[in-house]
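> For the sequence shown, the positions run -24 to -1, 1 to 260 when mature numbering (1 follows the signal peptide of the UniProt record, and there is no 0) is used. For each residue, glycine too, the CB sits at the ideal point set by N, CA and C. A quick note: this is a predicted structure, and the numbers were derived from the prediction, not measured. Mind having a look at this structure? Questions to follow.
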Amino acid sequence: MMVSRSASVLTGAIALLLPLAAHGFVVPPPDNLQAFLGAPHSVDQGPNSNHVEDQSALNRPSWFTSTLMARRLLALSPSGVISTNFPESIPPSAHAPSDVAGLSIALREYIADCDGSLPSDLSHDDNGDPTILGLRIGTTFKNIAAGSNLSLQLDWWDHLSEAGPVYPGLPLSPAALPRVTLFGYLDYLPSPLPDDAAAALEKCFLEPHPDAKVWLPGASYSPHASFWARLVVTHAYWIGGFGDVQQIGWINLTEWQGIRPHASVEGVGDGRGWQDVRLPGEKQ
């Protein structure tokens, strides 16, 4: 009787949340939801169970919709965590403990989705390669200069209060929110940039980072030497949230590169752009 009453309450709650599906953030059907919340008789998953997940019951966004969400996450992210490795041999000038040699370190850095603002001869055609303002003194960029590989992690966890719980009755959970890790290499932009390119890039980058004006490349008043670069994305790993309602896995790079703000290039997906989706908690 308790399970039946709970299912009725959950079904009503789901009906109120169904508009969220238009944003790509999907609520599971009642049976899946009841199983997740641990109703004792909803799904038999004991040690002798032959239960096989019914894929038709899952209500995930398509992979293309998930890729649109990932590109939107990039476009809306003012910073991300870049992971690098210390060199295998730490030089004395590095002022770092010798036993961190070869270890990884993850540090938050400013980024912006500014490639589309560059002139065509310098742009990668707005294909999802984030722009980075690097400081040569920074550990992240010293490690990259010494040959480290790198990855950039972005997430939507700061928006937990707007997103609300995924399932009625479940507490707020950052683990239910999207994140993506981008792998690739740094492509250093020319220094100095042509005046038109520099002006366009500065306008784009300073919008989310007005304080970065202090250390723009070439600024005579900057306390540190800096440079413009972009992360050329070679792989992208997406976790949309809980796996029963969101996709988890490797993004198709052709789709990643073919998405633009208001459309996708011919032959990629269904023609939508990242402006056509919303992340959890965003308003239309």
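Should residue 215 and residue 104 be called a contact, given that it needs their Cβ atoms to be closer than 8 Å?
Position 239 of the sequence shown, counted from the start, is the residue given in the question as residue 215. Position 128 of the sequence shown, counted from the start, is the residue given in the question as residue 104. Contact: no.
> Which class does residue 207 belong to by DSSP, given the choice of helix, strand or coil?
For this step, residue 207 is matched to residue 231 along the sequence shown. Three-state DSSP puts residue 207 in a strand.
> For residue 120, name the three-state secondary structure that DSSP assigns.
In the sequence shown, the residue the question calls residue 120 occupies position 144. Three-state result, residue 120: helix.
> Just how far apart, CA to CA, sit residue 92 and residue 134?
Within the sequence shown, the letter at position 116 stands for residue 92. Within the sequence shown, the letter at position 158 stands for residue 134. Approximately 26 Å, taken between the alpha carbons.
> Let me know the secondary structure DSSP gives residue 223 once reduced to three states.
Sequence index remark: in the sequence shown, residue 223 carries index 247 (1-based). DSSP places residue 223 in coil when its eight states are reduced to three.
> State the beta-bridge partners of residue 57 as determined by DSSP.
Taking the sequence shown and counting its residues from 1, the one referred to as residue 57 is at position 81. Answer is 84 and 129, bridged to residue 57.
> Can you tell me whether residue 69 is helix, strand or coil according to DSSP?
Within the sequence shown, residue 69 is the residue found at index 93, counting from 1. Helix.
> Look at residue 86 and residue 185 and say whether their C-beta atoms are less than 8 Å apart.
Reading the sequence shown from its first residue, position 110 is the one you call residue 86. Reading the sequence shown from its first residue, position 209 is the one you call residue 185. Yes; because the gap between Cβ atoms is below 8 Å, this pair is in contact.
> Please report how far the alpha carbon of residue 218 lies from the alpha carbon of residue 68, in whole angstroms.
Residue numbering aside, residue 218 sits at position 242 when the sequence shown is read from its first letter. Residue numbering aside, residue 68 sits at position 92 when the sequence shown is read from its first letter. Their Cα atoms are separated by approximately 45 Å.
> Terminal residues of the continuous beta strand (DSSP E) containing residue 285?
With the chain covering -24 to 260 only, the question about residue 285 has no answer from this structure.
> For residue 163, does the three-state DSSP call read helix, strand or coil?
Indexing the sequence shown from 1 puts residue 163 at position 187. DSSP, reduced to helix, strand and coil, places residue 163 within a strand of the structure shown.
> Identify the continuous alpha helix (DSSP H) that holds residue 180 and give its terminal residues.
Residue mapping note: residue 180 aligns to position 204 of the sequence shown, counting from 1. First-last of the alpha helix (DSSP H) with residue 180: 171 to 182.
> Bridge partners for residue 157 per DSSP, in chain order?
In the sequence shown, residue 157 corresponds to position 181, counting from 1. 129 and 213, per the DSSP bridge assignment.
> I want to check one thing, is the minimum distance from the CB of residue 55 to the heavy atoms of the ligand HEM below 7 Å?
In the structure shown, the ligand HEM is absent, as is every other ligand, since no ligand is present at all.
> Expressed to the nearest angstrom, what Euclidean distance is found between the alpha-carbon atoms of residue 131 and residue 181?
Locating residue 131 in the sequence shown gives position 155, counting from the first residue. Locating residue 181 in the sequence shown gives position 205, counting from the first residue. Computed Cα separation, rounded: 19 Å.
> Would a C-beta distance cut-off of 8 Å place residue 117 and residue 123 closer than the cut-off?
The sequence position of residue 117 within the sequence shown is 141, counting from 1. The sequence position of residue 123 within the sequence shown is 147, counting from 1. No, the Cβ-Cβ distance between residue 117 and residue 123 is not below 8 Å.
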